[in-house]
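In our numbering, the protein residues as written are 33 to 168. Even for Gly, the Cβ is constructed at its ideal location relative to N, Cα and C.
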């Protein structure tokens, strides 16, 4: 087993758990019954998970640089998917952070929209990840 394969696999584990947490945390807060009273708890989970997504995504590139001296050669579709994924991750991280800083002043409808937005951003990032994977 090559050490680069182990590195990629371990990064992928963190990345997968982060993806599950960003979507799962938002959906659990919203459905099947509203759990908005636990919003701050789940916002911390989602903020941490977006951070894991951002860090592990960057580690994929760093690992490629370390082992191969270059980043992966991505097609145009994969580059667009990567840009969409990065934008969703940064936006999701920022939204969770803003909610944690100012969410106590939001209306219940505003909190619901915030978690709906977090769920949508997670779904966008997961969809972009599929395109990134298969068009790389």
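Quick check: is the beta carbon of residue i nearer than 8 Å to any beta carbon in chain D?
{"i": "residue 57", "result": "Among the protein chains of the structure shown there is no chain D, as only one such chain exists."}
Pull up the CB-CB distance for residue i and residue j, whole angstroms please, since I reckon it's below 8 Å.
{"i": "residue 78", "j": "residue 128", "result": "5 Å"}
{"i": "residue 147", "j": "residue 73", "result": "Wrong, their Cβ atoms sit about 12 Å apart, outside the cutoff."}
{"i": "residue 103", "j": "residue 97", "result": "6 Å"}
May I ask which residues mark the beginning and end of the alpha helix (DSSP H) holding residue i?
{"i": "residue 61", "result": "35 to 62"}
{"i": "residue 166", "result": "140 to 166"}
{"i": "residue 134", "result": "108 to 134"}
{"i": "residue 72", "result": "71 to 100"}
Going by other Cβ atoms of all chains shown within 10 Å of its Cβ, with 16 needed for buried, is residue i buried or exposed?
{"i": "residue 85", "result": "buried"}
{"i": "residue 88", "result": "buried"}
{"i": "residue 82", "result": "buried"}
{"i": "residue 94", "result": "exposed"}
{"i": "residue 162", "result": "exposed"}
{"i": "residue 38", "result": "exposed"}
Can you check whether the CB of residue j is closer than 8 Å to the CB of residue i?
{"i": "residue 124", "j": "residue 71", "result": "no"}
{"i": "residue 109", "j": "residue 49", "result": "no"}
{"i": "residue 150", "j": "residue 58", "result": "yes"}
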